[in-house]
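Q:
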Amino acid sequence: MSKDNFDHNAPIVIDALSKYLDECDNSNTRVIYQPPMAEIIKDLNLKSLIEDGRLEGKNLQTFAKEYLKTATKLHHRHYMAHQVSIPHMTGSLGSLIDAVTNNAMAIYEMGPGATAIEYFMINWMLEKIGWHPSPIPGGKNIDNDTPYGGGVMTHGGSLANLTAMIAARSATFPNIWRDGNPGNIVVLVPEQSHYSLKRTVAMIGLGEKNCISMPADEDGRVLPDEVPTLIEKLHADGKKIMAIVGNACGTAAGLYDPLEQIGAICRDYGIWFHVDAAHGAGAIVCEEYRYLVKGIESADSVIWDAHKMFRTPVVCASVLLKDHRHLDHAFSQEASYLAHEKEQPGVDQIMRTVECTKSGLGLKMFMAIAAMGEEGLADYISSRTKLAVDAANYISGLDDIECPVTPETCILCFRIGKNDARQLEIRKKLLKDGKFYISTTEYKNARWLRCVIINPKTTLDDLKELIEEVREINAGLDG
Ligand SMILES: Cc1ncc(COP(=O)(O)O)c(C=O)c1O
833 MSKDNFDHNA PIVIDALSKY LDECDNSNTR VIYQPPMAEI IKDLNLKSLI
883 EDGRLEGKNL QTFAKEYLKT ATKLHHRHYM AHQVSIPHMT GSLGSLIDAV
933 TNNAMAIYEM GPGATAIEYF MINWMLEKIG WHPSPIPGGK NIDNDTPYGG
983 GVMTHGGSLA NLTAMIAARS ATFPNIWRDG NPGNIVVLVP EQSHYSLKRT
1033 VAMIGLGEKN CISMPADEDG RVLPDEVPTL IEKLHADGKK IMAIVGNACG
1083 TAAGLYDPLE QIGAICRDYG IWFHVDAAHG AGAIVCEEYR YLVKGIESAD
1133 SVIWDAHKMF RTPVVCASVL LKDHRHLDHA FSQEASYLAH EKEQPGVDQI
1183 MRTVECTKSG LGLKMFMAIA AMGEEGLADY ISSRTKLAVD AANYISGLDD
1233 IECPVTPETC ILCFRIGKND ARQLEIRKKL LKDGKFYIST TEYKNARWLR
1283 CVIINPKTTL DDLKELIEEV REINAGLDG
């Protein structure tokens, strides 16, 4: 029955999606449209569909069409709002394969192919960072004596940061798992760090106030020369530093911290060095921008989101460790019904993650990248950064609009006038009109309009058009 259902209904959904993608290519289509929730629930006929249980054929066709009308159109070239990929279609097909097979691969037997691909992709990333890949069970050249890296994929960068901090905690304070927090542990983060780090520090019981920002330059990059003084002061106050975090890159404006210098400080003091490369890992695989992550190999842990700049459908992130043992020991718990001594030709990832059930994250990432090839991927990443820089250069020739900083990745911030509230009003009107979808951010004590130039189709002309629109809205608000 379910096979008949699939054969009958899958083409209906594929057809609706294909029309949706055509719509996204039409410049008259609104990129964002937010009707009230009650209206959506009514228009999609949710109540009667769930009661009747006949979501197939014609009903399915109508439902898919109506649902897609409510979708925010990331494939539209005026989508520039958030750090969420425009998935490569082959990556999206990976999601479909994963959804149909449902190989929840926390343990090898629940998805040998899915686990092997995740393992392969983790090794691919470890090698790109400059670390030793994990030996492959059943493969040649297993040398268990060489220290090698390890990693695991997680459902998002926030969970990856949490997982990395749990590994740092177990490496630095191995008794915490059993005894609890002694009360004097701190974590040093960049002023521009993602909120998930502060949240992690609070969640793992260290107390939010013990997530301490390091001194920063006027653009918000960590000032490495001032970090030793901070460390000495904290030590003198009886604090113990669990980890120091560097951004590659920051969320608001997309700037990279000086990883090489921060790494050297961590080495001198014997402190765990974590790099948050959730957004900026593109520079690791892009020769042209590799200099931005110089020194990343000196880290102990790195996180890397594929659902940002790697054209992979949400969600897909990785936590990567220079020494796999720290991840193996991070969660000192036992789940005997799942993890027990057994002979098997692969590995169970379950003891390395917060999650128990997990999707085939590696499959989606692999399929997206394998469709482009490494060169295609690097070209895409560098083209988006170049476009952000070109747009900033264009803006520098305008009298009424300014950028706070030259972009180092695909994130472009700008504003018209100096009024913070006005930037929010402009975005509100842009979203209401639906021609462009952008975000805003607080940065350098001011509010900025913010574009994440992540869509491969966006051009400089689109950004010039956006600027014209912003000017018109601003003039209208003045009037
Ligand atoms: C630097 C950085 N770290 C972590 C995250 C969290 O990633 P996720 O949204 O996948 O949870 C983000 C998200 O924007 C980010 O920019």
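If you're matching positions, the sequence shown starts at 833 in this note's numbering and goes up one per residue. Glycine included, every Cβ here is placed at the ideal spot set by N, Cα and C. If you're wondering where the values come from, they're calculated on a predicted model, not measured in any experiment.
1) With a threshold of 16 other CB atoms inside 10 Å of the CB of Pro919, please say whether the residue is buried or exposed.
2) Go through its chain and collect everything with a Cβ distance to Gly989's Cβ below 6 Å, but skip five positions before and after it.
3) My guess is that Gly1192 and Asp930 are in contact by the Cβ rule of under 8 Å, so how many angstroms apart are they, rounded?
4) Can we count Asp1294 as close to ligand 1, meaning its CB is less than 7 Å from some heavy atom?
5) Say yes only if the C-beta of Val1033 is nearer than 7 Å to one or more non-hydrogen atoms of ligand 1, and no if none qualify.
6) Would you say Gly923 touches ligand 1, meaning its beta carbon is less than 7 Å from a heavy atom?
7) In the structure shown, what three-state DSSP assignment does Leu1029 receive?
8) Over the uninterrupted alpha helix (DSSP H) stretch that includes Tyr1212, give me the two end residues.
9) Compute the Euclidean distance between the alpha carbons of Ile1286 and Val1033, then round it to the nearest angstrom.
10) Counting only the same chain and skipping the five closest in sequence on each side, list residues whose C-beta sits under 6 Å from that of Ala992.
11) At the level of alpha carbons, what is the spacing between Tyr852 and Ala896?
12) Indicate the three-state DSSP secondary structure (helix, strand or coil) for His1111 in the structure shown.
13) Take the Cβ of Asn1277 as the centre, count every other Cβ of all protein chains shown within 10 Å, and call the residue buried at 16 or more, exposed below.
14) Can you give me the C-alpha to C-alpha distance between Gly1012 and Leu1038, rounded to a whole angstrom?
15) Using a 10 Å radius around the Cβ and a threshold of 16 neighbouring Cβ atoms, would you call Thr978 buried or exposed?
16) Taking the runs of the beta strand (DSSP E) that are 3 residues or longer, which of them lie wholly in the region 1068-1100?
17) Taking only the alpha-carbon atoms, compute the straight-line gap between Asn1042 and Val1059 and give it to the nearest angstrom.
18) Using C-beta distances below 6 Å, list every residue in its chain close to Ile998, excluding the 5 sequence neighbours before and after it, in chain order.
19) Go through the region 873-961 residue by residue and report every complete run of the alpha helix (DSSP H) that reaches 4 residues or more, in order.
20) Are the Cβ atoms of Arg1216 and Cys1242 separated by less than 8 Å?
A: Short version:
1) buried
2) Ala1110, Ile1135, Asp1137, Ala1149
3) 4 Å
4) no
5) no
6) no
7) helix
8) 1193-1228
9) 30 Å
10) Thr986, Ile1135, Ala1149, Val1151
11) 10 Å
12) coil
13) exposed
14) 10 Å
15) exposed
16) 1072-1079
17) 16 Å
18) Ala1162
19) 878-884, 889-902, 921-933, 944-961
20) yes
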